Amino acid sequence: MWMLEIPPFLPFFIGALIAAFTRGVVRNVIMIAIPILGGLHLWMVPEGIHLQFAFLDYQLITYRADKLSLMFGYVFHIAAFIGVIYSLHVRDTMQQVTAMLYAGSGLGAVFAGDLLTLFVFWELLAFTSVFLIWARRTQASYDAGMRYLIIQVLSGVILLAGTLFYAAENGTLAFGYIGLEGVAGWLIFIAFGIKCAFPFAHNWLTDAYPEATVTGTVFLSAFTTKVAVYAFARAYPGTELLIYIGAAMTCFPIFFAVIENDLRRVLAYSLINQVGFMVVGIGIGTALAINGAVSHAFNDVIFKGLLFMSMGAVLHMTGRMNGSDLGGLYKTMPKTTTLCIVGAASISAFPLFSGFVSKSMVMSAALEEGFDWIWLMLLFASAGVFHHAGIKIPYFAFFAHDSGIRASDPPNNMLLAMLIAAVLCIGIGVYPSALYSLLPYDTGYNPYDATHVLAQTQLLFFSALAFVWLNLKGMYPPELRSTNLDFEWVYRRAFPVALQNMFSVIWKTDRALRQAFLVRLNQGLTFISQRNGGASRLLSRTYPAGSMVMWITVILAVYLFLSFITH
Amino acid sequence: MDNEKKYFFDNPKNVKRLMHVFYACCVVLFALDFVIHRHIMHSWENLWGFYPIYGFVGCVILVLVATWMRTFLMRSENYYSNDGKQDPDKKTNTNKKDNDEVGDS
Numbered sequence: 001m002w003m004l005e006i007p008p009f010l011p012f013f014i015g016a017l018i019a020a021f022t023r024g025v026v027r028n029v030i031m032i033a034i035p036i037l038g039g040l041h042l043w044m045v046p047e048g049i050h051l052q053f054a055f056l057d058y059q060l061i062t063y064r065a066d067k068l069s070l071m072f073g074y075v076f077h078i079a080a081f082i083g084v085i086y087s088l089h090v091r092d093t094m095q096q097v098t099a100m101l102y103a104g105s106g107l108g109a110v111f112a113g114d115l116l117t118l119f120v121f122w123e124l125l126a127f128t129s130v131f132l133i134w135a136r137r138t139q140a141s142y143d144a145g146m147r148y149l150i151i152q153v154l155s156g157v158i159l160l161a162g163t164l165f166y167a168a169e170n171g172t173l174a175f176g177y178i179g180l181e182g183v184a185g186w187l188i189f190i191a192f193g194i195k196c197a198f199p200f201a202h203n204w205l206t207d208a209y210p211e212a213t214v215t216g217t218v219f220l221s222a223f224t225t226k227v228a229v230y231a232f233a234r235a236y237p238g239t240e241l242l243i244y245i246g247a248a249m250t251c252f253p254i255f256f257a258v259i260e261n262d263l264r265r266v267l268a269y270s271l272i273n274q275v276g277f278m279v280v281g282i283g284i285g286t287a288l289a290i291n292g293a294v295s296h297a298f299n300d301v302i303f304k305g306l307l308f309m310s311m312g313a314v315l316h317m318t319g320r321m322n323g324s325d326l327g328g329l330y331k332t333m334p335k336t337t338t339l340c341i342v343g344a345a346s347i348s349a350f351p352l353f354s355g356f357v358s359k360s361m362v363m364s365a366a367l368e369e370g371f372d373w374i375w376l377m378l379l380f381a382s383a384g385v386f387h388h389a390g391i392k393i394p395y396f397a398f399f400a401h402d403s404g405i406r407a408s409d410p411p412n413n414m415l416l417a418m419l420i421a422a423v424l425c426i427g428i429g430v431y432p433s434a435l436y437s438l439l440p441y442d443t444g445y446n447p448y449d450a451t452h453v454l455a456q457t458q459l460l461f462f463s464a465l466a467f468v469w470l471n472l473k474g475m476y477p478p479e480l481r482s483t484n485l486d487f488e489w490v491y492r493r494a495f496p497v498a499l500q501n502m503f504s505v506i507w508k509t510d511r512a513l514r515q516a517f518l519v520r521l522n523q524g525l526t527f528i529s530q531r532n533g534g535a536s537r538l539l540s541r542t543y544p545a546g547s548m549v550m551w552i553t554v555i556l557a558v559y560l561f562l563s564f565i566t567h
Numbered sequence: 568m569d570n571e572k573k574y575f576f577d578n579p580k581n582v583k584r585l586m587h588v589f590y591a592c593c594v595v596l597f598a599l600d601f602v603i604h605r606h607i608m609h610s611w612e613n614l615w616g617f618y619p620i621y622g623f624v625g626c627v628i629l630v631l632v633a634t635w636m637r638t639f640l641m642r643s644e645n646y647y648s649n650d651g652k653q654d655p656d657k658k659t660n661t662n663k664k665d666n667d668e669v670g671d672s
């Protein structure tokens with residue numbers, strides 16, 4: 001069946017090409033059709049290697065489908081579909097084209113069966129997605145996009161170096177379990193880690209995502225980090241180091257999220273927090289934990305997309321994104337408010353919402369394997385994520401003090417996209433078996449037992465109680481217009497300032513050295529001229545120009561005289 | 568805008584009602600701890616009211632620590648864009664018009 005050999009990224013790339021040359025309804029129809037048809041096609045694709053070819057001595061596998069990659073393939077199609085609907089109103093060819101290319105690159109990466117193909121799509125992800133940031137067309141977005149691109153490309157270069165080492169060490173490029181052995185293992189780990197927003201490498205995300213366009217951020221939140229999660233699940237399952245990194249990722253961003261004013265940046269921090277849960281799951285590496293990580297990635301794409309969409313709707317309608325400027329929007333944006341609350345409940349893992357059925361798997365796995373302290377951190381992070389994403393986002397945007405803004409609900413296509421995401425969030429939460437049947441392992445896990453439900457509900461309600469109590473006491477930090485320093489300070493401020501100082505010192509010394517040299521030279525010349533006073537007086541005596549004329553006249557006169565006497 | 572219509576939470580009574588429902592939920596959930604038999608995976612879970620207390624205390628600590636972090640992390644809004652030479656607190660309200668997207672229509 002030749003249809004089988006069409007790798008999933010191809011329709012998207014072709015779609016991008018068509019989108020570049022069409023406009024209006026035609027383009028919209030094509031852009032909607034591609035994720036639907038691609039998704040349906042993928043649904044029928046069996047597991048196995050469907051496309052490969054030889055390159056030099058290596059076998060390149062551009063299309064390998066197994067349960068792990070298929071799972072990400074499905075959710076990427078859903079994300080692309082929702083994202084396309086959300087951005088139907090946009091009249092910006094650059095965004096439409098790059099969004100399709102970006103979604104296609106994500107698909108290419110998760111179906112790549114060898115490291116070289118992975119590298120190609122890894123870099124394509126960076127180069128296509130940066131245009132979604134630049135499309136905002138502000139100086140801030142241009143700068144943030146540049147920083148984003150540099151870091152993403154750096155990750156790609158490290159991946160390429162790791163790939164070369166890997167090929168040298170193992171004689172194959174096959175992308176399977178790698179593990180933390182040798183130079184290759186570490187290089188590839190770091191490359192994945194940068195894209196996965198590991199601590200200290202996380203600021204590209206919080207820097208760039210809030211600067212992207214309304215629709216661009218929805219796409220951005222779906223693909224890049226999830227590709228990295230997929231890559232870790234493929235190459236480093238059961239690596240203990242990941243547990244500790246992941247636990248750190250779940251905890252530290254929530255502190256920043258609580259004091260951050262830009263609500264899309266709050267969501268960016270909470271994205272890191274959610275990815276942390278996945279990384280912990282991969283690090284634990286048991287069947288239950290991997291299932292938890294993968295299904296949480298699946299759900300996160302949808303509910304984080306929903307939250308970014310609802311905040312995008314607010315930004316689109318009001319032109320503002322700071323918690324300090326917003327509030328009271330529930331009055332005129334009731335639909336957006338409701339949909340946002342569904343997303344907030346899902347990310348907070350309320351029972352009957354999608355986050356609950358996947359996050360609890362990671363937590364249970366941590367307990368089962370005896371990582372007590374990690375479990376406590378995850379529990380704290382669960383309470384924290386409810387605090388900043390579940391309460392803070394809807395509260396400061398839609399309730400809190402009335403900002404006086406009376407913006408209406410966004411265009412219908414935006415509402416429809418949010419509605420689809422919200423339906424999926426609730427659907428998966430109510431009927432998790434549909435999701436579980438797609439997972440790589442069969443664990444027979446049931447999230448809905450009295451213990452889990454009660455424990456999670458208690459945790460969340462009392463977190464909310466803490467919010468209420470702090471608010472009543474006036475101890476809750478108010479939303480302030482501010483920038484909070486994070487690790488990015490090192491490369492956005494400290495490093496440039498250090499360089500500046502270094503160069504100013506260098507220039508100062510350089511100037512001082514030249515000055516000293518010139519003074520010396522002058523002194524030397526004066527000295528020499530004084531010593532050879534006589535000679536220099538002879539050589540440098542000056543004559544008036546008139547004397548030269550006189551001498552020429554004399555020579556001519558002599559010449560004339562001679563010519564007279566010879567004839 | 569004096570004659571603007573009243574919305575649900577403009578009435579303090581509604582806010583109060585909502586809060587009462589919420590407090591009642593909390594009490595019920597806490598009481599359920601003693602009713603429902605749970606199968607425990609860890610000894611900490613046996614502690615009286617472990618989850619509610621952990622959630623409450625965790626969040627209070629989270630907020631207090633985050634507030635304290637503001638004392639040394641917070642800078643003016645255009646800290647990075649201003650080259651940091653002088654503090655630009657004088658003109659905070661002039662930079663918000665760049666949110667209109669050029670591409671969107």
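Protein chains in written order, with the working numbering: chain C, 1 to 567; chain Z, 568 to 672.
Cβ atoms here follow ideal geometry from the backbone N, Cα and C, with glycine treated the same way.
Keep in mind it's a predicted model, so treat the numbers as computed, not measured.
For residue j and residue i, believed in contact at Cβ under 8 Å, the rounded distance
| i | j | result |
| --- | --- | --- |
| C/M317 | C/S408 | 7 Å |
| C/Y209 | C/S221 | 7 Å |
| C/D108 | C/F121 | As written in the sequence, residue 108 of chain C is Gly, which differs from the Asp given in the question. Indeed they touch by this definition, with Cβ atoms about 4 Å apart. |
| C/I133 | C/E260 | Contact doesn't hold; Cβ gap of about 19 Å is too wide. |
| C/Q456 | C/F356 | 6 Å |
| C/A383 | Z/G625 | 5 Å |
| C/G185 | C/I178 | 5 Å |
Short CB-CB distance (under 9 Å) between residue i and chain C
| i | result |
| --- | --- |
| Z/P579 | no |
| Z/V588 | no |
| Z/L640 | yes |
| Z/W615 | no |
| Z/E644 | yes |
Which listed residue (the options) has its alpha carbon closest to that of residue i
| i | options | result |
| --- | --- | --- |
| C/H296 | C/L271, C/T338 and C/T509 | C/L271 |
| C/T217 | C/A80, C/N299, C/T338 and C/E169 | C/A80 |
| C/T250 | C/L160, C/A381 and C/F189 | C/A381 |
| C/H452 | C/F503, C/H387, C/L465 and C/S360 | C/S360 |
| C/V468 | C/A257, C/A349, C/E211 and C/A400 | C/A400 |
| C/S141 | C/A65, C/S563 and C/L205 | C/L205 |
| C/D486 | C/N203, C/G73 and C/A99 | C/N203 |
Per-residue contacts from residue i into chain Z (C-beta, under 9 Å)
| i | result |
| --- | --- |
| C/F467 | C626 and V630 |
| C/I254 | L629 and A633 |
Cross-chain neighbours of residue i in chain C, by beta carbon under 7 Å
| i | result |
| --- | --- |
| Z/L599 | L454 |
| Z/L596 | T457, Q458 and F461 |
Within chain Z, partners of residue i - CB distance below 8 Å
| i | result |
| --- | --- |
| C/N203 | Within chain Z, no residue comes near C/N203; the closest Cβ sits about 11 Å away, beyond 8 Å. |
| C/G113 | By Cβ distance, chain Z contributes nothing, its closest Cβ being about 36 Å from C/G113, past 8 Å. |
Partners in chain Z for residue i, counting only beta-carbon separations shorter than 7 Å
| i | result |
| --- | --- |
| C/N273 | Near C/N273 there are no residues of chain Z at all, since even the closest Cβ is about 12 Å away, more than 7 Å. |
| C/K331 | Y574 |
| C/T98 | Simply none; closest approach about 11 Å. |
| C/R492 | Y647 |
| C/L516 | In the sequence under discussion, the amino acid at residue 516 of chain C is Ala, which differs from the Leu named in the question. Near C/A516 there are no residues of chain Z at all, since even the closest Cβ is about 31 Å away, more than 7 Å. |
| C/F503 | In chain order: nothing, as chain Z lies at least about 15 Å away. |
Same chain, Cβ closer than 6 Å to residue i, neighbours up to 5 away in sequence not counted
| i | result |
| --- | --- |
| C/A421 | I82, I302, G305 and L306 |
| C/G182 | E169 |
| C/H50 | L4, E5 and Y63 |
| C/L367 | W375 |
| C/G323 | N261, L263, F396 and E479 |
Chain C residues whose Cβ lies nearer than 8 Å to that of residue i
| i | result |
| --- | --- |
| Z/R605 | A450, T451, L454 and A455 |
Own chain partners of residue i with C-beta closer than 7 Å, once the 5 adjacent residues on each side are dropped
| i | result |
| --- | --- |
| C/V130 | G145, Y148 and L149 |
| C/A233 | L68, I282, I290, A293 and V294 |
| C/A135 | D92, M94, Q95, T213 and G216 |
| C/S403 | D325, L326, G327 and G328 |
Cβ shell of residue i (< 8 Å), same chain only, five flanking positions each side left out
| i | result |
| --- | --- |
| C/L101 | F12, F13, A16, L124 and T128 |
| C/F371 | I243 and I284 |
Under 9 Å from the C-beta of residue i: neighbouring residues of chain C
| i | result |
| --- | --- |
| Z/R637 | I259, P477, L480, S482 and N484 |
Chain Z contact for residue i (CB, 9 Å cutoff)
| i | result |
| --- | --- |
| C/H387 | yes |
| C/F353 | no |
| C/L376 | yes |
| C/G390 | no |
| C/A268 | no |
Residue i CB to nearest heavy atom of the ligand NAP below 8 Å
| i | result |
| --- | --- |
| Z/R584 | Of the ligands one can find in the structure shown there are none, so the ligand NAP has no counterpart to examine. |
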